[in-house]
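Everything on this sheet refers to the single structure shown next.
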Amino acid sequence: MSLEVKNLSFSFNKSLLVENLDFKIEKNEVGLIAGTSGIGKSTLLNIISGLKNPDKGSIICNEKILNNENIFVEPEKRNIGYVFQDFALFPHINAEKNIKYALSKDLLDFYNVVVDSLCLFDCMEKMPHEMSGGQKQRVAIARSILMKPSALLLDEPFSNLDSQNIVNAQKLISNFIEKIQIPCVLVTHDTNQLETLNISKVIKLS
25 MSLEVKNLSF SFNKSLLVEN LDFKIEKNEV GLIAGTSGIG KSTLLNIISG LKNPDKGSII
85 CNEKILNNEN IFVEPEKRNI GYVFQDFALF PHINAEKNIK YALSKDLLDF YNVVVDSLCL
145 FDCMEKMPHE MSGGQKQRVA IARSILMKPS ALLLDEPFSN LDSQNIVNAQ KLISNFIEKI
205 QIPCVLVTHD TNQLETLNIS KVIKLS
């Protein structure tokens, strides 16, 4: 599996945020999107996930065209795991149901490993409004992993975690993308946090 972006451009309010961008992340690789605040890093993840449509260019995941001048695959049909900055948990169901919402049958045996690695057993009955920011972030990571995505997008996934939970989450992500052989794209404001996550490529936005 791989995730490839070709000649991608996107503008907003007449301002060009992404211009003629090309990169390819292979299976079991982590690509870091780098750039200053407001440059369009989260926007790029939204384009890859299908939440935004680029002005031009193509996106190919696992040899399937998701975007080009003639094709636009809806977000829910892309099978892309996405950890949002604001977590995007379903507010009306508890942590356990959020995690299991799109649980792949192929990963049933991996479920307890994920929940244990992210120290989530104690908050499984909590509703999102009852959880801390760190707990919600870990639930979002677990949910995205356990859907068995074709690619994993992470937008500031460690910003609310303490140092031990950062290490645990990064080890889990590394093991997971190796286990099912998928590409991962990461946005983070603090590269000093990436102690246990091996960055294969850096994609610079300017």
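Okay, so the sequence shown: first residue is 25 according to my numbering, each after it adds one. The beta-carbon is built from N, C-alpha and C at its ideal position, and this holds for glycine as well.
Along the alpha helix (DSSP H) that carries residue i, what are the first and last residues, could you check?
i: A193; result: S187 to I204
i: K160; result: G157 to L170
i: V107; result: Note, V107: premise wrong, no alpha helix (DSSP H); beta strand (DSSP E) at I104 to V107.
i: K121; result: A119 to K124
In chain order, what residues of the same chain have a beta carbon less than 6 Å from the beta carbon of residue i, not counting five sequence neighbours either side?
i: N86; result: M25 and S174
i: Q194; result: T220 and L221
i: I63; result: L229
i: M151; result: N118
Mind reading off the beta-carbon distance from residue i to residue j? Whole number of angstroms is fine, and I expect it under 8 Å.
i: I72; j: I104; result: 7 Å
i: V209; j: I57; result: 6 Å
i: V163; j: A119; result: 5 Å
i: I201; j: L170; result: With a Cβ gap of about 13 Å, I201 and L170 do not count as contacting.
i: N184; j: G158; result: 5 Å
What residues are listed by DSSP as bridge partners for residue i?
i: D179; result: V211
i: L27; result: I49 and C85
i: F36; result: S39
i: F55; result: One detail in the question is off: residue 55 reads as Gly in this sequence, not Phe. Answer is V209 and K225.
i: N91; result: I83 and F96
Within the continuous beta strand (DSSP E) that includes residue i, where are the two ends?
i: V226; result: K225 to K228
Using a Cβ-Cβ cut-off of 8 Å (strictly less than) and excluding sequence neighbours within five positions of residue i, which residues of its own chain qualify?
i: S224; result: I49, E50, E53, V54 and G55
i: L45; result: V29, N31, L32, S33, L68, G81, I227 and L229
For residue i, collect the residues of the same chain with a Cβ closer than 7 Å to its Cβ; drop the 5 residues on either side in sequence, then sort them by chain order.
i: I206; result: M25, K51, P173, S174, A175 and L176
Are there three or more Cβ pairs, one per stretch, closer than 8 Å when the region 182-194 is compared with the region 33-41?
-> Fewer than three Cβ pairs drawn from the region 182-194 and the region 33-41 lie within less than 8 Å of each other, which leaves the two stretches out of contact.
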